[in-house]
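Heads up: the structure comes next, in structure tokens.
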Amino acid sequence: MRPIVELQGIVKTFPGVVANARIDLAIGPGEVLALLGESAVFQSPALLLYAGVAWLCCHLFVVLYEEPALRRRFGAAYDDYRGQVPRWLPRLR
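Per our numbering: the sequence shown = residues 5 to 97.
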């Protein structure tokens, strides 16, 4: 399965110390829900924050990259489709 968000070559340093070097991270579909479940079980605010950031990254990817690409490719047909189908969250009417 293809990852939704993929980061490569992450480096975390502190003054005089390299904590992590060349870390690769891939977030696949469904992993955000798993993180939310773990944060609830272990009562971990850090996991909850991580899940929120992962969801936000996925949402921004869809809104800023995928939807404009689909709009360019399919034009008015995609706009009609979007008018009938809600996004991630239900529309309030």
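We treat Cβ as the ideally placed atom computed from N, Cα and C, and that holds for glycine.
Please identify the residue among the options whose C-alpha is closest to the C-alpha of residue i.
i: L9; options: P19, V15, P33; result: Checking the displayed sequence, the identity of residue 9 turns out to be Val instead of Leu. Closest by alpha carbon: P33.
i: P90; options: N24, P7, E71; result: E71
i: R26; options: F46, I14, L51, A73; result: I14
i: P7; options: L68, F78, C61, L52; result: C61
Taking buried to mean at least 16 other C-beta atoms within 10 Å of its own C-beta, is residue i buried or exposed?
i: I31; result: buried
By Cβ distance below 7 Å, which residues in the same chain neighbour residue i in space, the five residues on each side in sequence not counted?
i: Q12; result: D28
i: R77; result: none
Measure the C-alpha to C-alpha separation of residue i and residue j and round it to an integer number of angstroms.
i: H63; j: V57; result: 10 Å
i: D84; j: W59; result: 26 Å
i: Y82; j: R75; result: 6 Å
i: G87; j: A80; result: 11 Å
i: V66; j: A23; result: 32 Å
i: S48; j: A73; result: 37 Å
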